[in-house]
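In our numbering, the protein residues as written are 143 to 220. Yeah, the Cβ is synthetic: ideal placement off N, Cα and C, and Gly gets one too. These numbers were taken from a predicted model, which means no experiment stands behind them. Everything on this sheet refers to the single structure shown next.
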């Protein structure tokens, strides 16, 4: 005969490992958590793109043109 804890569905962590029942109940899956994760992800990627755009803008332009010309020449030889 099975006990009550054995008949409940097993919870898994993001890596696929089973977690204890107490841990699964301590980490609720709320809509606020998903919203905060999405907002945090959007802020992170916006900052990453802003930093990348700043680096491209402030980069030494003649060197970039030299590398681009070399890359174009290599692609033309194929």
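Worksheet item: Among the residues of its own chain, which have a CB less than 8 Å from the CB of residue 156, if the five just before and after it don't count?
Response: The sequence position of residue 156 within the chain shown is 14, counting from 1. The answer is none, since no qualifying residue turns up.
Item to complete: Give the straight-line distance between the Cα atoms of residue 195 and residue 188, rounded to the nearest whole angstrom.
Response: Start at 1 with the first residue of the chain shown, and residue 195 comes out as number 53. Start at 1 with the first residue of the chain shown, and residue 188 comes out as number 46. So the two alpha carbons sit approximately 10 Å from each other.
Worksheet item: Under the three-state reduction of DSSP, which class applies to residue 157: helix, strand or coil?
Response: Mapped onto the chain shown, residue 157 falls at position 15. Correct three-state label for residue 157: coil.
Worksheet item: What is the residue span of the alpha helix (DSSP H) that residue 205 lies within?
Response: The count along the chain shown starts at 1 and reaches residue 205 at position 63. Run containing residue 205: 203-219, per the alpha helix (DSSP H) assignment.
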